[in-house]
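Working notes, beginning with the structure itself.
Residue numbers (my numbering): 842 to 1006.
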């Protein structure tokens, strides 16, 4: 077995230099230039939703500060901040109820916290429906011809399937 000896003085010197850079002016600029999110960075996402009945919409969402064409950018950005970004896919092998939540689909693409985002959402089973609901109000469903506005108080997958208000 090969062992490498490092002098404690060398290690402490390296640590001291590293710690002195943390508070150095311009350190944030170096991090931002290296692709790390920093003050002034804007998270930009394109949210596309389709209600499965021929009504689709595309929204631009910008956060920090909130803006864009999204119907409620402030609430959407606050939700994404609370989640730490868009909800990722359900873990492989996860047991999901086979309850169909509806034909809606959505995509979220762009960048969040310096990372590229390319997420797909649907309501094909319990896991996917839970992911969709976690993303509310980021994923607004386009208004359908019959006036349905998506999930809300008192509405669940059962209502969507049988078409009851």
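For glycine and all other residues, C-beta sits at the position ideal for the given N, C-alpha and C. As the structure is a computational prediction, the values presented were derived from the model and not from experiment.
- Straight through space, the alpha carbons of residue 970 and residue 886 are spaced by roughly 21 Å.
- By the criterion of at least three beta-carbon pairs nearer than 8 Å, the stretch 932 to 947 is not in contact with the stretch 903 to 914.
- The Cβ neighbour count for residue 904, taken over all protein chains shown within 10 Å, is at least 16; the residue is labelled buried.
- Assignment of residue 965 by DSSP, reduced to helix, strand and coil, places it in the coil class.
- Only buried fits residue 960, as 16 or more other CB atoms lie within 10 angstroms of its CB.
- Restricting attention to 966, 980, 906 and 976, the CA atom closest to the CA of residue 937 is found in 966.
- Membership of residue 923 in the alpha helix (DSSP H) is indicated by the continuous run 914 to 924.
- The DSSP-derived three-state label of residue 892 is coil.
- In the structure shown, residue 971 adopts helical secondary structure according to DSSP, grouped into three states.
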